Amino acid sequence: MAPRKNFRNQAKKEVKPAAVVNKNGVKVEASVAASSGGFSGTKIFTWFMVLALLGVWSSVAVVWFDLVDYDNVIAERAKEFRFNFSEVLQGKLSAYDADGDGDFDVEDAKVLLDEKEIKVPAPKMERLKKGLKESPVSVSLREAKEESAVKEPDAVPPPDDDVDGSQNTDVESEIQAAVPLPPISDDFIPDDSRDDATHPYEDENDAIDTKGELVEKAQPQQTLEESKQYNNQPGSPETKETVQLRYNAEAESVPEPEADVEPEVESVPEPEADVEPEVESVLELEAEFVPELKENAEDHPKDQLKEKAKKKKPKLLNKFEKTIKTEIDAAEKLRKKGKVEEAVRAFETLVLQYPQSPRCRYGKALAEDGLAEKMLSNDMLQKAIGTYKEASELPNATPDLIKATLKKRAERQQFLGRMRGALATLEKLVQIFPEDMALKNDLGVAHLLIGDNNSAKRVYEEVLATAPSDGFAKVHYGFILKSENKIAESIPFLRDGLESGDPGTDDGRFYFHLGDALQRMGDDSAYKWYERGHQRGHFASVWQRSLYNVDGLKAQPWWTPKDTGYMDLVKTLERNWRIIRDEAQSVMDKTTGLFVPEEENLREKGEWGQFTLWQQGKKAGESCRSVPKTCGLLERYPEATGCKRGQIKFSVMQPGTHVWPHTGPTNCRLRMHLGLVIPKTGCKIRCTNDTRAWEEGKVLIFDDSFEHEVWQDADSYRLIFIVDVWHPELTQYQRQTLSPI
């Protein structure tokens with residue numbers, strides 16, 4: 241259309257007539273020539289034929305190629321909608337511009353005729369489709385009015401500009417930690433403060449064989465130094481607790497500051513009765529009046545109406561802050577767009593202007609939190625934690641803001657490994673909001689994170705006394721009972737909690753421990769729960785139930801040395817098995833205290849001792865001094881000594897010992913068993929449904945993330961050497977960055 245329009249515009253310009261030559265060879269002006277009959281009959285006939293041919297070909301094109309004469313269509317529409325067709329040709333009807341080129345032309349006509357798809361703002365397209373009954377002037381006036389209305393401070397902002405984040409779809413980028421925690425969401429709902437997924441607690445880093453965590457995704461390509469700086473998470477190689485006895489190891493690798501015991505808050509300011517509830521989005525208005533909807537029941541069944549009902553939005557602004565909402569919105573918009581440096585500066589300015597505004601201080605804390613993630617800075621995150629505290633302690637903070645602020649603070653303290661500080665923050669929250677069971681549940685988790693199972697148990701007993709059907713409290717209470725070896729008592733709590741489907745219950749650990757408890761009670765329904773856990777995505781299969789996983793690794797229960805690619809290591813072990821055996825036997829005397837009883841509650845009966853040389857990719861103290869030759873043989877095999885998700889240890893099992901069916905914590909390792917002292921009969925190991933026996937001087941290799949079980953029914957002890965190695969398909973980067981176990 242553009243060339244045609246330009247041609248017409250040029251036709252309207254004043255152009256000096258070109259000179260023509262008459263029969264006598266004299267140049268005269270074209271107008272003179274025309275007036276004197278300069279065009280001969282032949283020329284007129286020629287032009288007539290050209291025009292006739294053009295008409296014929298146009299007709300053929302329209303009929304044969306099904307083309308549309310959009311100019312005629314526009315002219316017809318112009319008559320229909322009562323505007324001047326000449327204005328269309330001049331592109332003056334910009335109010336009806338659909339393709340955004342600044343005018344109304346053929347391309348716009350195509351849109352109106354539904355013959356061309358183009359992204360047009362919904363309100364504008366609606367007006368175009370309804371017949372364009374408004375004149376261009378009235379449209380322009382109405383749009384200007386709408387524009388001015390948007391700029392009014394009391395106007396309802398669109399959902400994506402909601403200050404308090406109820407409509408916010410931004411998700412803070414997750415920083416891969418040594419033990420990852422879930423990202424902190426801006427969407428805070430006071431009616432249920434618990435995250436729909438899982439709480440930001442961690443499994444203990446150094447339990448052996450029986451624990452796990454959620455599937456690990458590809459880690460961000462950051463340097464090790466950066467990872468250490470920001471992802472400093474709790475867990476020390478020196479701590480040795482089990483997942484049955486401890487929910488999580490107490491944070492030891494991060495220096496614990498003095499307990500953040502905040503002063504007691506005697507009262508919380510209640511919102512004034514004369515202040516109308518704040519409505520900050522159109523969606524909220526719609527949710528508020530869902531029962532009043534007039535649509536047909538067929539269009540909106542009851543279940544759909546229920547979905548539309550939104551939870552009550554937290555009130556984060558006090559009476560004064562509503563008068564500066566526009567300024568807060570502007571700073572908040574910077575933060576949600578990822579411009580965290582600018583957002584920090586904007587909120588700092590607001591804090592200087594309004595030092596007693598809790599909402600401005602809370603916004604500053606959120607911006608500092610986002611900047612900490614961007615910078616991978618523990619110092620900046622610690623600053624945000626301090627600002628959260630300041631916001632919660634300001635006068636005139638609304639109850640919802642106090643709750644949101646302290647919850648954020650506790651979550652970020654846990655992320656940094658400040659478990660006792662997080663515990664103090666949550667205790668303050670429970671003190672202020674004693675009726676909020678979700679906060680009490682979080683407090684129970686905080687006790688578990690520092691290994692205080694007894695305090696956690698008391699908290700969950702209080703919750704269940706008030707809310708007997710609380711699924712979150714049930715699964716955690718059942719978990720604690722199982723850690724106390726109260727197997728039968730734990731089952732109904734774990735089972736009922738999982739069946740409740742409450743937020744925070746759909747966790748692989750609870751499926752894991754319920755199935756394990758049922759197996760120990762001889763109940764075959766354990767595999768039903770394992771299957772359900774597999775269907776929910778927590779287990780790779782019913783047999784392979786590890787939880788610290790990397791996707792895509794080859795999975796098979798038994799491996800050959802050739803399969804692993806570690807042929808040299810296997811040959812070294814088998815060639816020197818007598819040297820290794822002799823050193824192990826030399827330290828087996830109980831008086832040395834080097835062999836310690838298995839501490840993971842894996843035995844049904846019997847005696848099982850272990851002497852560890854490497855743990856989490858590091859030497860275990862001075863253990864190698866007692867067996868220097870053995871350690872010397874292994875020094876040149878980093879696939880074993882550097883395996884942060886495994887151990888290297890001697891294992892001695894006395895007659896009459898049975899090890900419950902269990903699975904290891906991760907699919908990132910393979911386990912080698914070198915037979916040192918093997919009785920002729922009575923010793924066997926089952927992995928999945930394949931049972932095998934050890935041989936002296938030979939290496940058995942299996943993936944202990946698959947279910948396995950051990951029997952020792954011989955007349956003398958069985959001694960083996962266990963060497964864990966990285967799964968051969970892991971990359972070097974993954975081996976360096978995966979969290980230790």
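Just so we're aligned, residue 241 is where the sequence shown starts under this note's numbering, counting upward by one.
All residues carry an ideal CB built from backbone N, CA and C; glycine is no exception.
These numbers were taken from a predicted model, which means no experiment stands behind them.
Is residue i near the ligand MG, judged by its Cβ being under 7 Å from some heavy atom?
i    : result
G886 : Among the components modelled here there is no ligand, and therefore nothing to report on the ligand MG.
How many angstroms separate the CA atom of residue i from the CA atom of residue j?
i    : j    : result
R975 : P554 : 44 Å
D619 : V580 : 16 Å
G755 : A933 : 26 Å
W799 : K938 : 14 Å
F961 : V836 : 15 Å
D692 : E701 : 15 Å
I820 : L916 : 8 Å
H197 : A757 : Residue 197 cannot be examined here, being either before or after the span of the chain that is shown, 241 to 981.
L208 : F779 : The structure shown does not extend to residue 208, since the chain is modelled only from 241 to 981, so the question has no answer here.
P968 : T804 : 6 Å
Q622 : C871 : 42 Å
E729 : A631 : 44 Å
E839 : G846 : 13 Å
A824 : T665 : 49 Å
S826 : Y806 : 28 Å
K830 : E675 : 54 Å
L978 : G603 : 34 Å
C600 : I625 : 15 Å
R698 : Q887 : 35 Å
A612 : F560 : 30 Å
L556 : R776 : 36 Å
Y877 : L688 : 37 Å
T812 : N725 : 41 Å
S746 : P732 : Checking the displayed sequence, the identity of residue 746 turns out to be Asp instead of Ser. Taking the straight line from one Cα to the other gives about 16 Å.
Y751 : S765 : 12 Å
Given residue i, which residues of its chain have a CB within under 8 Å of its CB, disregarding the five upstream and five downstream residues?
i    : result
A570 : A586
T832 : S866
V303 : Model confidence at V303 stands at a pLDDT of 46, short of 50, so the residue's coordinates are unreliable and nothing is read from them.
Ordered along the chain, which non-local residues of its own chain (more than five positions away) have a Cβ less than 7 Å from that of residue i?
i    : result
N681 : R434, V703, F712 and A713
S956 : P895 and P919
A607 : R575, V580, A583, V584 and F587
V782 : Y767, Y770, E771 and H774
E875 : T881
T627 : R601, K604, A605 and E608
I690 : E490, M659, R660 and L663
So, helix, strand or coil for residue i, using DSSP?
i    : result
Y877 : coil
E238 : Only positions 241 to 981 of the chain appear in the structure, and residue 238 is not among them; the question remains open.
T589 : helix
H948 : strand
S891 : strand
G886 : coil
R776 : coil
V963 : strand
V810 : helix
V867 : coil
M912 : strand
Q671 : helix
L940 : strand
F835 : coil
I925 : strand
E633 : helix
Y788 : strand
In chain order, what residues of the same chain have a beta carbon less than 6 Å from the beta carbon of residue i, not counting five sequence neighbours either side?
i    : result
G882 : G857
N558 : N636 and T638
Q671 : none
W848 : E838, M893 and T897
P901 : Q759, E947 and E949
S863 : L853
With 8 Å as the threshold, decide whether the Cβ of residue i is near any Cβ in chain D.
i    : result
E582 : You won't find chain D in this structure, because it holds only one protein chain.
Discussion item. Give the list of continuous alpha helix (DSSP H) stretches no shorter than 4 residues that lie fully inside the region 697-731.
Written reply: 711-723
Discussion item. Under 8 Å, with one C-beta from each stretch per pair, do the region 782-802 and the region 895-914 reach the 3-pair mark?
Written reply: yes
Practice prompt. Note down, one range per segment and in chain order, each alpha helix (DSSP H) of at least 4 residues found wholly within the region 642-668.
Written response: none
Fill in: the region 860-873 in contact with the region 938-951 per 3-pair CB rule at 8 Å
no
Worksheet item: Taking contact to mean at least 3 C-beta pairs separated by less than 8 Å, is the region 716-726 in contact with the region 735-755?
Response: yes
Worksheet item: Which residue spans inside the region 546-582 form an unbroken alpha helix (DSSP H) run of at least 4?
Response: 565-576
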